[in-house]
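In our numbering, the protein residues as written are 7 to 53.
Idealized CB from N, CA, C, for every residue including glycine.
What follows is a short report on a single structure.
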């Protein structure tokens, strides 16, 4: 059985520089998402 989530859009995290994939919770504001998670969002001023 093939994996269903193979073609999700990706972005690069502004803080850590790592790629992250689309998540259901970002469905309505994917264009505004800049960070891969809370840890990077909270440490955005430290870099």
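Residue closest to residue i, alpha-carbon to alpha-carbon, out of the options
i: residue 16; options: 37, 25 and 35; result: 25
i: residue 27; options: 21, 37, 42 and 8; result: 42
i: residue 49; options: 9, 14 and 19; result: 19
i: residue 23; options: 9, 35 and 40; result: 40
First and last residue of the uninterrupted alpha helix (DSSP H) at residue i
i: residue 44; result: 44-48
Whole-number beta carbon distance between residue j and residue i, since they are thought to touch under 8 Å
i: residue 12; j: residue 46; result: About 24 Å; that fails the 8 Å criterion.
Beta-ladder partner(s) of residue i, from DSSP
i: residue 17; result: 26
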